[in-house]
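Working notes, structure below.
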Amino acid sequence: MEMIVMQLALFVLSLFLGVELITKVPPTLHTPLMSGTNAISGITLVGAVIAAGAGDSASGLVHGLGFIAVVMATINVIGGYLVTNRMLAMFKRKN
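Sequential numbering from 16 applies to the sequence shown in the numbering used here.
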């Protein structure tokens, strides 16, 4: 029980820190920041693959949730690359 309270407190502190940091970023830097954040979320994809392979072979629920996590993390990573591509296209010179 004590561990759960500590983890919840850490989560809430991280949430407040994240909100404070994001509000300090100028609007012109939001797209590059989001693009970098989505690229970093490739780590989430690795974690989802590990979670999908975890558990005993009889547990279909673990594998199902792991598969859903892999799909959602993949969508997030691809979206990050698409946003980055669109952002970089805005800065190309028109010849």
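Here a beta-carbon is modelled for each residue, glycine too, at the ideal position from N, C-alpha and C.
Sorting E17, I37 and N53 by C-alpha distance to the C-alpha of G95 places N53 at the top. Boundaries of the alpha helix (DSSP H) around V20: E17 to T38. A direct Cα-Cα distance of roughly 11 Å separates M49 from M102.
For N100, the three-state secondary structure derived from DSSP is helix. Straight through space, the alpha carbons of A66 and V77 are spaced by roughly 8 Å. Within the same chain, no Cβ atom closer than 7 Å to the Cβ of L80 is found once the five residues on either side in sequence are excluded. About 12 Å separates the beta carbon of G62 from that of V92, a gap too long to meet the 8 Å contact definition. L60 and V85 have their C-alpha atoms some 6 Å from each other.
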